[in-house]
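Here's the structure we're looking at; comments come further down.
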Amino acid sequence: VLVAGDDLPCMKPHPAMLVHACETLGILTGQAVFVGDSGTDVAAARAARMPVLLAGWGYDPTAGEGDVMPDVILRDARDV
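Going by the working numbering, 1033 is the number at position 39 of the sequence shown; the sequence numbering is gapless.
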């Protein structure tokens, strides 16, 4: 499922995009895993009560160093 930034009126870190994707799939947010590359992604997943993996090579190299932590920081795409 692909939900783009302008598909819904709310943007991350609001959890609406993640909730919408899960509803489309017919699953609960806790049954999915979000892979993101920024602190905003981590915050959105946390707000949706969804496990989150952080792509440590991605957009925001400082993500995973703040108050909102991912469940796992991936160092390589093969780690998914």
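All C-beta atoms in this analysis are idealised placements derived from N, C-alpha and C, irrespective of residue type, glycine included.
Quick caveat, the model's predicted, so the values are computed rather than measured.
Return the residue from the list the options that minimises the CA-CA distance to residue i.
i	options	result
LEU996	GLY1050, CYS1004, THR1018 and PRO1007	THR1018
GLY1033	ALA1015, TYR1053, HIS1014 and GLY999	TYR1053
ALA964	ALA998, ALA1042, GLU1059 and ALA1041	Past the edges of the chain, shown from 995 to 1074, lies residue 964, and the structure says nothing about it.
TRP1051	PRO1045, ALA1071, ASP1035 and VAL1066	ALA1071
Report yes if the CB atom of residue i is closer than 8 Å to the CB atom of residue j, and no otherwise.
i	j	result
LEU1047	LEU1068	yes
VAL1062	ARG1040	yes
PRO1045	ASP1073	no
Who are residue i's beta bridge partners in DSSP?
i	result
ALA1049	LEU1068
VAL1029	LEU1047
Might you give, ordered along the chain, the residues of its own chain that have their beta carbon closer than 8 Å to the beta carbon of residue i, omitting 5 neighbours on each side?
i	result
ALA1038	LYS1006, PRO1007, HIS1008, PRO1009, MET1011, LEU1012, PHE1028 and GLY1030
VAL1036	GLY1030, VAL1046, LEU1048, ALA1057, GLY1058, VAL1062, MET1063 and PRO1064
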